[in-house]
Amino acid sequence: MSYLHLVDQARTLRQDTFMAFVEHGEAHLGGSFSMIELLIALFEEIMEEDDKFILSKAHAAFPFYLLLKNRGYKPKI
29 MSYLHLVDQA RTLRQDTFMA FVEHGEAHLG GSFSMIELLI ALFEEIMEED DKFILSKAHA
89 AFPFYLLLKN RGYKPKI
């Protein structure tokens with residue numbers, strides 16, 4: 029996957045995270061934004077289909093849930 033495609037995915041996830049924050053009104057935006065590039069890199073370039081990922085930074089739940097939702101899972105925020 030190209031670098032520009034990853035940057036575009038991160039930008040989209042950042043926008044979706046912000047809109048989820050506005051809609052739900054309770055999130056830690058800084059903590060969420062700080063994880064976006066890491067999540068994109070892990071899920072798009074590093075992790076295999078059967079790999080497991082545990083997020084222990086609850087303040088970054090919004091982008092993680094949105095990323096899972098975009099991949100076909102049904103997490104609840």
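So the sequence shown is numbered by this note's numbering: it starts at 29 and just counts up by one. Here a beta-carbon is modelled for each residue, glycine too, at the ideal position from N, C-alpha and C.
L32 is classed as exposed because its beta carbon has fewer than 16 other beta carbons within 10 Å across all chains shown. DSSP, read as helix, strand or coil, puts F81 in coil. In the DSSP assignment, Y31 falls within the alpha helix (DSSP H) that extends over Y31 to H52. By alpha-carbon distance to S30, the top candidate from L66, E54, Y93 and E73 is E73.
Cα atoms of D79 and L95: separation of roughly 15 Å, rounded to the nearest angstrom.
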